[in-house]
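So the structure is just underneath, and the comments pick up after that.
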Amino acid sequence: MNKIIKIVLIVLGLLSAILWYQLPGRDVPASEAVNSGAMNFMFIITYLLLAIAVAVSLIFTLKNLFANPKSLKKTLMVIGGFLLVVVISYVLADGTDINLDEMANRGIATSESTVKRIGTGLNVFFLLVIIAVGSMLYGGFKKMTNK
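Note that the numbering used here has the sequence shown beginning at 256, numbered continuously upward.
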């Protein structure tokens, strides 16, 4: 299996090197360069390799997660805690923080639900920062007092 992966990587590397030299030059207008077959094929290779990397990392992560029940329990507790933070953030988000008519006059089409989602995202960020800083302070304080 390792030999097959090495051969595939060598072939992809050679193909990418060939495509690199077929890329349009600097003097080609951007509108023509976008339609370059070599560039499109390089993007396809990139997306394919990214999809493979994501799939393999997810498969091995899930495999290791389900192999150890303690790890699965901890992970589910962390996911539950994160969902609790998201729910609290959604409840705290108002959605009426800005004047929607003023935003529409500026050419920004905004609805109350969009403002509420943005507020939720900001609240999640702030709560996670508070939790992170608090846990660092708690860990530092605990380490200082145990000596």
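The beta-carbon is built from N, C-alpha and C at its ideal position, and this holds for glycine as well.
Within 10 Å of its beta-carbon, does T330 have 16 or more other beta-carbons around it, so buried, or fewer, so exposed? Numbered from its first residue, the sequence shown carries residue 330 at position 75. Result: exposed.
Alpha-carbon spacing of M391 relative to I260, whole angstroms: Residue 391 sits at position 136 when you count from the first residue of the sequence shown. Residue 260 sits at position 5 when you count from the first residue of the sequence shown. Cα-Cα distance, rounded: 42 angstroms.
For N378, is the classification buried or exposed, using 16 other Cβ atoms within 10 angstroms of its Cβ as the cut-off for buried? Walking along the sequence shown from the start, residue 378 turns up at place 123. With 16 or more other Cβ atoms within 10 Å, it is buried.
Cα separation between L264 and I385? Here residue 264 corresponds to residue number 9 of the sequence shown, with the count starting at 1. Here residue 385 corresponds to residue number 130 of the sequence shown, with the count starting at 1. About 44 angstroms.
What is the DSSP secondary structure of P324, reduced to helix, strand or coil? Locating residue 324 in the sequence shown gives position 69, counting from the first residue. Reduced to three states, the DSSP call for P324 is helix.
Does the beta carbon of L355 sit closer than 9 angstroms to a beta carbon anywhere in chain C? No chain C appears in this structure, which consists of one protein chain only.
Separation of S291 from L383, as counted between CA atoms: Within the sequence shown, residue 383 is the residue found at index 128, counting from 1. Within the sequence shown, residue 291 is the residue found at index 36, counting from 1. C-alpha separation (whole angstroms): 44 angstroms.
What does a CB cutoff of less than 6 angstroms around G350 pick up in its chain, not counting 5 residues either side in sequence? One-based indexing of the sequence shown puts residue 350 at position 95. Here the set comprises E367, V370 and K371.
Residue range of the alpha helix (DSSP H) that includes I353: Along the sequence shown, read from residue 1 onward, the residue named residue 353 stands at position 98. Per DSSP, I353 belongs to no alpha helix (DSSP H) and is neither H nor E.
With a Cβ-Cβ cutoff of 9 angstroms, do P279 and A288 count as a contact? Against the sequence shown, residue 279 aligns to sequence position 24. Against the sequence shown, residue 288 aligns to sequence position 33. Contact: yes.
My understanding is that L327 touches L338, with C-beta atoms under 8 angstroms, so please give their C-beta distance in whole angstroms. For the purposes of this step, residue 327 is taken as residue 72 along the sequence shown, with counting starting at 1. For the purposes of this step, residue 338 is taken as residue 83 along the sequence shown, with counting starting at 1. Not a contact, Cβ separation roughly 16 angstroms.
Counting only runs that start and end within the stretch 284-348, where is the alpha helix (DSSP H) found for 4 or more residues in a row? 285-288, 292-322 and 324-347
With DSSP run on the structure shown, which of helix, strand or coil describes T430? This structure leaves residue 430 out entirely; the chain is present only between 256 and 402.
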